[in-house]
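Reading through the structure tokens given below for one structure.
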Ligand SMILES: [Zn+2]
């Protein structure tokens with residue numbers, strides 16, 4: 001027996017069987033039953049939504065002698081069977097993508113004229129991809145549409161109706177086909193799986209439906225492919241294999257690796273996905289969508305997501321309790337940058353690995369968000385509370401203020417020995433705190449009272465830093481944000497907020513900018529509850545990195561043993577950062 005692709009085998013044969021287009025099919029069925037069928041229809045909509053299928057059902061309904069009162073063709077009479085089998089002369093299907101010349105249209109007009117004189121049945125001309133018609137061919141077609149012979153009907157199917165001649169559009173009755181929604185498509189896949197005796201997992205069918213983006217044809221093709229590869233089994237790994245997607249599950253694992261700071265796990269994940277043949281570019285895009293979803297859950301609850309599948313929202317909600325907003329913004333930034341580079345044609349796997357490393361080990365980068373993220377995580381750890389989403393859920397006064405080595409302003413740093421010893425003390429404090437067993441009292445004992453005071457202000461700054469940069473980012477627009485994003489939190493000196501700027505170009509621009517300073521002062525003032533002035537100062541990147549690396553050395557003892565030479569990785573990443581900054 002001849003093998004039929006699923007989408008042909010299960011092609012709808014009545015108006016009612018066409019999925020997700022009831023607004024079109026019910027109107028057409030009524031027009032047929034009332035004998036008010038137009039001479040030209042324009043079926044517009046995305047691919048695989050049933051445009052040509054509906055045109056064939058229309059042809060069948062017009063010609064069926066045993067048509068039901070509601071316009072449903074009988075599907076057993078010779079006319080119906082002929083159309084179903086594609087042997088009927090009453091349906092002429094033309095692909096405008098390959099038949100778009102004037103000659104093709106003239107041939108069709110001859111055919112139209114012949115039919116009109118000898119035939120008593122209705123003949124339906126289906127012109128698929130109608131937007132591909134040349135201008136001349138379109139004009140030739142228009143002549144036919146202007147004087148339509150009786151019993152001849154045109155259906156122009158197109159994904160891009162705006163590309164058709166206005167005169168053609170205005171002579172056609174237009175119907176818009178919509179992408180089929182995920183739930184409806186999943187139901188359809190489930191029915192067909194049963195008819196085909198597949199062993200199918202509902203989650204896998206949902207993934208197929210999502211992947212098909214509203215196209216029934218794409219969904220059935222993918223289902224068929226998954227079933228063929230899995231010998232009748234349709235499960236999530238099979239879908240990933242066939243679709244080349246990493247899937248939802250993998251991104252959830254990435255989020256878990258971020259929470260656990262599990263760089264080895266993240267790299268292993270990339271390796272196994274690559275081995276499965278997953279499209280890594282797509283993985284990046286999916287991951288960005290995922291973290292965006294988590295971010296929205298944190299701010300909007302789950303009300304805004306009625307279009308998403310419940311299990312998707314449930315997963316976002318789970319992760320939203322594990323990662324804080326600044327970590328999410330950072331993740332979206334890092335993945336977005338990696339995606340841009342991959343699109344530029346750079347080494348895909350390496351970029352994904354680097355991005356995953358940066359996500360799981362923020363200490364390997366010195367960007368502002370990673371510093372914030374590390375601070376928040378360390379604070380939460382010291383306070384012995386799980387990291388909750390949103391600033392409100394964080395402990396009000398975590399005692400970990402001594403943690404992050406404060407980045408000294410340059411004037412003071414130039415002072416020499418005093419500053420050096422302070423920096424050392426900072427490093428030692430960091431070492432101690434990083435050992436989870438160390439009681440907090442021991443850490444604070446190492447700090448002089450002045451250090452404690454200055455740190456209290458600075459700690460307040462770090463506490464509000466996440467909301468502050470989020471507010472500033474929103475207020476100043478992307479061009480100014482490009483300047484501000486490099487800024488590193490310095491300290492709060494009385495009412496003066498000192499911000500360190502690593503690059504002299506950015507520093508000059510920020511100092512002369514009329515907007516950024518006042519916006520930061522206002523937002524910081526609101527958050528801290530005091531009047532704030534803002535000073536931008538130059539910071540030597542090298543010195544920040546030295547401090548960061550000092551901290552890293554200790555942090556790296558936590559690294560799983562199977563990470564190959566973490567120091568080299570850190571250097572590699574820092575190197576990559578520097579290249580990136582030059583490109584700015
Ligand atoms: Zn029939």
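Numbering (the working numbering), first residue to last: 1 to 584.
Cβ coordinates follow ideal geometry from the N, Cα and C atoms, glycine included.
Keep in mind it's a predicted model, so treat the numbers as computed, not measured.
1. With a threshold of 7 Å, establish whether the CB of residue 73 neighbours any heavy atom of ligand 1.
2. Going by DSSP in three states, residue 65 sits in which element: helix, strand or coil?
3. Keeping to the same chain, check which residues put their C-beta closer than 8 Å to that of residue 332; ignore five residues upstream and five downstream.
4. Cβ of residue 226 versus every heavy atom of ligand 2: is any distance shorter than 7 Å?
5. So which of 61, 21, 151, 147 has the shortest CA-CA distance to residue 13?
6. Leaving out the 5 sequence neighbours to the left and right, which residues in its chain are closer than 6 Å to residue 55 when beta-carbon positions are compared?
7. When every heavy atom of ligand 1 is checked, does at least one fall within less than 7 Å of the C-beta of residue 69?
8. Does DSSP put residue 498 in a helix, in a strand, or in coil?
9. What three-state label does DSSP hand residue 158 in the structure shown?
10. Is residue 90 a contact residue of ligand 1, with contact defined as CB to any heavy atom under 7 Å?
11. Helix, strand or coil: which one does DSSP assign to residue 348?
12. Can you name, in chain order, every residue of its own chain whose Cβ lies under 6 Å from the Cβ of residue 587, other than the five neighbours on each side?
13. Using C-beta distances below 7 Å, list every residue in its chain close to residue 144, excluding the 5 sequence neighbours before and after it, in chain order.
14. Which word fits residue 138, buried or exposed, when buried means at least 16 other C-beta atoms lie within 10 angstroms of its C-beta?
15. Classify residue 522 as helix, strand or coil using the three-state DSSP reduction.
16. What does DSSP give as the partner residues of residue 218 in its beta bridges?
17. Is the separation between the beta-carbon of residue 210 and that of residue 280 shorter than 8 Å?
18. Among 347, 66, 376, which one has its Cα closest to the Cα of residue 459?
19. What do you reckon, is the C-beta of residue 79 under 7 Å from a heavy atom of ligand 1?
20. Looking only at C-alpha atoms, which of 312, 485, 329, 180 sits nearest to residue 19?
21. How about residue 50 and residue 22: do their beta carbons lie closer than 8 Å?
22. Would you report the Cα separation of residue 492 and residue 513, rounded to the nearest angstrom?
23. Let me make sure I understand the geometry here. Which of 237, 148, 286 has the alpha-carbon closest to that of residue 275?
24. What's the C-alpha gap between residue 325 and residue 466?
25. Using the C-alpha atoms, what's the distance from residue 5 back to residue 223?
26. Just curious, the alpha helix (DSSP H) that residue 126 is in, first and last residue?
27. List the whole-angstrom C-beta distance separating residue 608 from residue 464, where the pair is believed to meet the contact cut-off of C-beta under 8 Å.
28. Just reading off the beta strand (DSSP E) that residue 86 is part of, what are its end residues?
Result, derived from the coordinates:
1. Yes, Cβ of residue 73 sits closer than 7 Å to a heavy atom of ligand 1.
2. Residue 65 falls in the coil class under three-state DSSP.
3. The residues are 288, 291, 292, 295.
4. This structure lacks ligand 2; the ligands present are ligand 1.
5. Among 61, 21, 151, 147, the Cα nearest to that of residue 13 belongs to 61.
6. 126, 155.
7. No.
8. Strand.
9. If DSSP states are grouped into helix, strand and coil, residue 158 belongs with the strands.
10. Because no heavy atom of ligand 1 lies under 7 Å away, the Cβ of residue 90 does not count as near it: no.
11. In this structure, residue 348 counts as helix in the three-state DSSP scheme.
12. A query on residue 587 cannot be resolved here, the shown segment of the chain reaching from 1 to 584 and no further.
13. Closer than 7 Å at the Cβ level, and outside the excluded window around residue 144, lie 109, 112.
14. Answer is buried; the Cβ neighbour count reaches 16.
15. In the structure shown, residue 522 sits in a helix (DSSP, three-state: H, G or I).
16. According to DSSP, residue 218 bridges with nothing at all.
17. In this structure, residue 280 does not lie closer than 8 Å to residue 210 by Cβ.
18. It is 376.
19. Residue 79: yes, Cβ under 7 Å from ligand 1.
20. Out of 312, 485, 329, 180, 180 has the C-alpha closest to the C-alpha of residue 19.
21. It is not a contact, given that the beta carbons lie outside the stated cut-off.
22. Approximately 21 Å, taken between the alpha carbons.
23. Looking at the Cα atoms, 237 is the closest of the given residues.
24. For residue 325 and residue 466, the distance between alpha carbons rounds to 8 Å.
25. Each residue's CA atom was taken as its position, placing residue 223 and residue 5 some 11 Å apart.
26. Run containing residue 126: none in the alpha helix (DSSP H); it sits in the beta strand (DSSP E), 123-128.
27. Residue numbering for the chain in the displayed model covers 1 to 584; residue 608 lies beyond these limits and cannot be assessed.
28. Counting along the chain, residue 86 falls outside any beta strand (DSSP E), and DSSP gives it neither H nor E.
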